[in-house]
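**Q** Protein chains in written order, with this note's numbering: chain Z, 320 to 681; chain G, 320 to 681.
Encoded as structure tokens, here's the structure I'll be asking about.
Protein chains: 2
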Amino acid sequence: MDKRILVKVNDLTDFTTEILISVGLPRKDSEITADVLVTADRRNIESHGVARLKRYVDGLRSGVINPAGKITIIKETPVSLVIDGNGGMGQPIAQSAMELCIVKAKQNYLGFAAVRNSNHYGIAGYYTMLALQEDLIGISLTNSAPLVVPTFGKDMIIGTNPISIGFPTKSHRPFLLDMATSTVPRGKLEVYSRKGMAMPDSWACDEQGRPTTNATQVLDNLINRRGGGLLPLGGGTETTGGHKGYGLSAVVDILCGVLASGAVGLDVYGKKDAPSEVCHFFGAINPEAFMGLAEIQVNMDYFINMLKQSAKANGQTVIYIAGEKEWVAEEQNRETVTIQDKVFVTLNTIGSEFGLQLMAIE
Amino acid sequence: MDKRILVKVNDLTDFTTEILISVGLPRKDSEITADVLVTADRRNIESHGVARLKRYVDGLRSGVINPAGKITIIKETPVSLVIDGNGGMGQPIAQSAMELCIVKAKQNYLGFAAVRNSNHYGIAGYYTMLALQEDLIGISLTNSAPLVVPTFGKDMIIGTNPISIGFPTKSHRPFLLDMATSTVPRGKLEVYSRKGMAMPDSWACDEQGRPTTNATQVLDNLINRRGGGLLPLGGGTETTGGHKGYGLSAVVDILCGVLASGAVGLDVYGKKDAPSEVCHFFGAINPEAFMGLAEIQVNMDYFINMLKQSAKANGQTVIYIAGEKEWVAEEQNRETVTIQDKVFVTLNTIGSEFGLQLMAIE
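Right under this line is the structure:
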């Protein structure tokens with residue numbers, strides 16, 4: 320059931336690139352997209368890895384994604400941009416937007432961009448990492464398909480709207496937060512449904528807006544649009560802080576969609592087989608705007624040591640820093656990476672259409 | 320027990336101002352501080368209102384707060400500042416820092432400030448509101464006394480580190496998020512302990528780092544430094560998303576303390592009767608950096624309508640927007656406000672030392 324197939328990272332990247340080229344995406348854009356997807360797999364964020372390739376291929380064919388869509392700069396100041404993605408592929412749009420932020424941050428200390436009319440851009444943290452590679456602080460946010468129910472509501476209005484922010488360090492791996500503002504992603508419900516397990520009641524609510532532990536029922540309601548859906552971080556009540564997760568997810572929609580006059584909430588993926596109108600927000604902050612790179616790196620190491628060296632809970636041996644598990648995985652999966660058997664089969668089914676084959680390592 | 324006393328807002332403000340002047344804080348700084356505290360009471364955020372006056376008075380007398388502490392600008396760029404509060408009162412330091420951000424945002428689109436060596440600054444949202452009054456987007460963050468246990472830890476390392484962010488609107492009240500990154504503040508445990516009620520297990524952990532429902536035990540452990548403490552938003556396990564709240568609280572410490580080379584984590588209020596070394600972070604964003612004020616206000620109203628008009632959960636009649644309840648309370652408490660009987664008595668006990676009396680309305 321959970322059998323895994325080992326593949327070479329280079330093979331997986333090349334295969335993904337060639338598939339995307341085959342459905343009309345330019346080579347450069349295909350290479351960027353493949354790198355974002357394979358990086359997710361290497362970082363053990365499988366939900367956003369090559370398992371999504373079929374959805375991108377379908378999107379490129381159905382009109383959700385315009386393979387020829389290029390960015391337009393709608394507005395520009397020395398420290399900010401509003402960018403229109405014109406319905407193009409999310410990953411190359413996001414990469415371009417962050418690169419423009421990086422240039423501004425290097426020249427003018429700060430660079431922020433709100434991006435409209437884009438598409439699903441993969442892991443938010445990928446673009447934060449582009450800033451980190453330049454020794455800058457990075458921020459990456461995106462809105463997404465409505466799956467989350469606001470506090471005291473019963474319908475899905477807001478996306479899982481992730482927040483990513485990263486800070487450079489000295490000896491430690493960079494601090495890299497990359498978190499959905501829902502308690503869990505939809506995929507977690509699918510796992511619990513398949514296994515017939517009861518969910519924690521902070522994950523999702525039923526068609527009346529009541530927190531529930533029945534994953535199968537929630538997924539069924541969701542598919543048949545009966546109401547209910549995922550809950551924001553903190554769950555379905557103010558008592559457990561659900562209004563905070565709801566507030567944070569709204570902030571993401573505002574920074575992305577409102578600032579760019581793009582789609583928010585229900586309007587994201589609002590029409591079937593039409594452009595998704597996903598919006599993003601990026602930021603690059605030059606450490607020289609504050610105490611400077613060298614000092615900030617030392618301060619980061621000091622804070623990380625304070626956290627990691629503090630007393631552990633019963634049965635625990637490590638206190639993790641945001642991104643730490645993912646950096647370790649990425650290092651371990653430098654040459655090879657495993658993907659689910661099911662995903663391997665799907666990839667080769669897509670590939671067979673174009674005479675492309677992904678090889679497993681024996 | 321929960322008897323409430325009605326007072327005039329002007330009386331409460333004047334009384335608070337005069338008390339602060341009596342313990343050596345300059346008049347202007349006292350007026351600012353009194354306004355921050357009374358605004359919290361008017362917004363029904365009592366934990367950060369005049370109930371805290373005794374702690375400020377004690378702090379001004381014990382050396383935690385230097386009544387003569389003035390800000391120094393350590394570093395400045397066209398869009399950013401690093402400010403040293405030199406151990407002064409948190410509220411006037413924070414007000415000055417946000418005012419400097421506002422000037423930069425008006426001139427150069429963005430203004431951010433990291434502030435070190437300050438003190439407790441009251442409600443984070445107060446400074447966000449200063450930006451909103453100027454039709455700017457506002458951000459206000461602060462680190463605070465260590466009360467929160469990191470995921471897989473058992474000791475309190477991080478503060479309840481609030482995040483406030485606000486956006487201007489057209490017809491609706493401004494969106495104003497102001498949330499601690501812990502599930503609840505310490506005060507909530509005190510209420511549950513007094514009433515002998517079982518807490519939700521996402522609020523706090525025991526001395527072994529295990530989520531617990533026993534508020535009295537947690538408070539007792541906390542006072543006697545036996546381990547345990549508040550849990551981050553999402554609770555004490557990764558399953559319920561506690562690592563996300565922990566990640567957010569760490570981000571607050573980094574933006575405040577790390578960027579300013581100030582205190583972080585355990586070093587905040589690290590020494591008894593010594594400067595607290597609290598750090599803050601402020602931001603003002605000119606809407607003209609993005610699609611402009613008029614368009615953003617219209618977009619905000621559209622998004623707020625979408626949320627408020629969506630279907631309500633069973634038994635609910637209103638979906639709230641961040642800050643909405645507090646704006647309504649502030650409007651209702653324009654002329655008069657109630658405070659707890661216990662707080663009223665404490666205030667008059669402090670006042671009696673200086674020949675000051677707070678009058679109740681019959």
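Glycine included, every Cβ here is placed at the ideal spot set by N, Cα and C.
A quick note: this is a predicted structure, and the numbers were derived from the prediction, not measured.
Could you name the residues that DSSP lists as bridge partners for G:PRO551?
**A** Working through the second sequence from its first residue, we reach residue 551 of chain G at position 232. According to DSSP, which records beta bridges pairwise, G:PRO551 is partnered with G:SER501.
**Q** List, in chain order, every chain Z residue whose beta-carbon is nearer than 8 angstroms to that of G:THR429.
**A** Taking the first residue of the second sequence as 1, we reach residue 429 of chain G at position 110. Checking the displayed sequence, the identity of residue 429 of chain G turns out to be Leu instead of Thr. The answer, in chain order, is VAL398, SER399, LEU429, PHE431.
**Q** Return helix, strand or coil for G:LEU578, following the three-state DSSP convention.
**A** By one-based count along the second sequence, residue 578 of chain G stands at place 259. If DSSP states are grouped into helix, strand and coil, G:LEU578 belongs with coil.
**Q** Is the distance from the Cβ of Z:GLY564 to the Cβ of Z:THR479 below 8 angstroms?
**A** Here residue 564 of chain Z refers to the residue found at position 245 of the first sequence. Here residue 479 of chain Z refers to the residue found at position 160 of the first sequence. No, these two residues do not count as a Cβ contact at 8 angstroms.
**Q** Determine, for Z:VAL570, whether the minimum Cβ-Cβ distance to residues of chain G falls below 8 angstroms.
**A** Numbered from its first residue, the first sequence carries residue 570 of chain Z at position 251. At least one chain G Cβ lies under 8 angstroms of Z:VAL570.
**Q** Going by DSSP, what residue range makes up the alpha helix (DSSP H) through Z:ALA432?
**A** Taking the first residue of the first sequence as 1, we reach residue 432 of chain Z at position 113. Unbroken run through Z:ALA432 is the beta strand (DSSP E), 429–437; no alpha helix (DSSP H).
**Q** Against chain G, with Cβ distances strictly below 8 angstroms, would Z:ASN405 count as a contact?
**A** Within the first sequence, residue 405 of chain Z is the residue found at index 86, counting from 1. No, its Cβ sits nowhere closer than 8 angstroms to a Cβ of chain G.
**Q** Using a Cβ-Cβ cut-off of less than 7 angstroms, give me the residues of the segment 578–609 of chain Z that come near chain G, in sequence order.
**A** LEU578, ALA579, SER580, VAL583, GLY584, LEU585, ALA608, PHE609
**Q** In whole angstroms, give me the CA-to-CA distance for G:ARG545 and G:ASP474.
**A** For the purposes of this step, residue 545 of chain G is taken as the residue at position 226 of the second sequence. For the purposes of this step, residue 474 of chain G is taken as the residue at position 155 of the second sequence. If I take the Cα positions, the gap works out to 8 angstroms.
**Q** Determine which residues share a DSSP beta bridge with G:ILE421 and list them.
**A** Position 102 of the second sequence, counted from the start, is the residue given in the question as residue 421 of chain G. DSSP output for G:ILE421 lists no bridge partner at all.
**Q** What runs of the beta strand (DSSP E), each 3 residues or longer, lie entirely inside the segment 458–540 of chain G?
**A** 482–486, 494–498
**Q** Show which residues of chain G have a CB atom less than 7 angstroms away from the CB atom of Z:ILE542.
**A** Along the first sequence, one-based indexing puts residue 542 of chain Z at 223. Within chain G, no residue comes near Z:ILE542; the closest Cβ sits about 18 angstroms away, beyond 7 angstroms.
**Q** Going by DSSP, which residues form a beta bridge with G:LEU293?
**A** No answer is possible for residue 293 of chain G: it lies beyond the span of chain G, which begins at 320 and ends at 681.
**Q** At a CB distance below 8 angstroms, what residues from the segment 631–642 of chain Z approach chain G? Give them in sequence order.
**A** LYS631, ALA632, ASN633, GLN635, VAL637, ILE638, TYR639, ILE640, ALA641
**Q** So, is Z:SER671 buried or exposed, given that buried needs 16 or more other C-beta atoms within 10 angstroms?
**A** Here residue 671 of chain Z is taken as the residue at index 352 of the first sequence, counted from 1. So Z:SER671 counts as exposed.
**Q** May I ask you to report which of helix, strand or coil DSSP gives Z:GLU557?
**A** As a working mapping, residue 557 of chain Z is identified with position 238 in the first sequence. Three-state result, Z:GLU557: coil.
**Q** Flag G:ARG505 as yes if its beta-carbon sits less than 8 angstroms from any beta-carbon of chain Z, otherwise no.
**A** Position 186 of the second sequence holds residue 505 of chain G. By this cut-off, G:ARG505 is not an interface position.
**Q** G:GLY441 bridges to which residues according to DSSP?
**A** As a first step, residue 441 of chain G is located in the second sequence; it is residue number 122 there, counting from the start. Bridge partners of G:GLY441: none, in fact.
**Q** In chain Z, which residues lie less than 8 angstroms from G:LEU552 when you measure between Cβ atoms?
**A** Walking along the second sequence from the start, residue 552 of chain G turns up at place 233. Those are LEU552, GLY553, GLY560, LYS563, GLY564, listed as they occur along chain Z.
**Q** Suppose only complete runs of 4+ residues qualify. What are the alpha helix (DSSP H) ranges in the segment 581–657 of chain G, listed by chain order?
**A** 612–627, 643–651
**Q** Along the chain, which unbroken stretches of the beta strand (DSSP E) at least 3 residues long are found entirely within the segment 335–406 of chain G?
**A** For the segment 335–406 of chain G, whole beta strand (DSSP E) runs of length 3 or above, ordered along the chain, are 391–396, 399–403.
**Q** Suppose the cutoff is 7 angstroms on Cβ atoms and the five residues either side in sequence are ignored; what does the same chain contact list for Z:GLU681 look like?
**A** Position 362 of the first sequence, counted from the start, is the residue given in the question as residue 681 of chain Z. For Z:GLU681, where only same-chain residues beyond five positions count, there are no Cβ hits under 7 angstroms.
**Q** Does chain G have any CB closer than 8 angstroms to the CB of Z:ASN329?
**A** Translated into the one-based positions of the first sequence, residue 329 of chain Z becomes position 10. No, because no Cβ of chain G sits closer than 8 angstroms to the Cβ of Z:ASN329.
**Q** Let me confirm a value: Z:GLU649 is counted as buried when at least 16 other C-beta atoms fall within 10 Å, else exposed. Which label applies?
**A** Indexing the first sequence from 1 puts residue 649 of chain Z at position 330. It is buried - the Cβ of Z:GLU649 has at least 16 other Cβ atoms within 10 Å.
**Q** What's the C-alpha gap between Z:ASN540 and Z:GLU395?
**A** Numbered from 1 along the first sequence, position 221 holds the residue referred to as residue 540 of chain Z. Numbered from 1 along the first sequence, position 76 holds the residue referred to as residue 395 of chain Z. If you take the alpha carbons of Z:ASN540 and Z:GLU395, they lie about 44 angstroms apart.
**Q** Helix, strand or coil for G:ILE680? Go by DSSP, reduced to three states.
**A** To locate residue 680 of chain G, count along the second sequence from 1; it is residue 361. G:ILE680 falls in the coil class under three-state DSSP.
**Q** Would Z:ARG505 be called buried (16 or more neighbouring beta carbons within 10 Å of its own) or exposed?
**A** Here residue 505 of chain Z refers to the residue found at position 186 of the first sequence. Its Cβ being crowded by 16 or more others within 10 Å, Z:ARG505 is buried.
**Q** Is there a Cβ of chain Z sitting closer than 8 angstroms to that of G:GLY528, yes or no?
**A** Taking the first residue of the second sequence as 1, we reach residue 528 of chain G at position 209. So, interface residue.
**Q** Out of G:SER521, G:ALA569, G:CYS575, which has the shortest C-alpha to C-alpha gap to Z:ALA553?
**A** Locating residue 553 of chain Z in the first sequence gives position 234, where the first residue counts as 1. According to the sequence as given, residue 553 of chain Z is Gly; it is not Ala. Measuring from the Cα of Z:GLY553, the nearest candidate turns out to be G:SER521.
**Q** At a Cβ cut of 8 angstroms, what residues of the segment 351–381 of chain Z count as close to chain G, listed as they run along the chain?
**A** none
**Q** Keeping to the same chain, check which residues put their C-beta closer than 6 angstroms to that of G:SER381; ignore five residues upstream and five downstream.
**A** Position 62 of the second sequence, counting from 1, holds the residue named residue 381 of chain G. The residues are ASP592.
**Q** Nearest to Z:ILE477 by alpha carbon, out of G:LEU626, G:ALA569, G:LYS507?
**A** For this step, residue 477 of chain Z is matched to residue 158 along the first sequence. Checked all of G:LEU626, G:ALA569, G:LYS507; the closest Cα to Z:ILE477 is G:LEU626.
**Q** What separation, rounded to the nearest whole angstrom, lies between the Cα atoms of Z:PRO519 and G:ASN438?
**A** The count along the first sequence starts at 1 and reaches residue 519 of chain Z at position 200. The count along the second sequence starts at 1 and reaches residue 438 of chain G at position 119. Computed Cα separation, rounded: 39 angstroms.
**Q** Is the beta carbon of Z:ARG346 sitting closer than 8 angstroms to the one on Z:ILE340?
**A** As a working note, residue 346 of chain Z is residue 27 in the first sequence. As a working note, residue 340 of chain Z is residue 21 in the first sequence. Closer than 8 angstroms, so yes.
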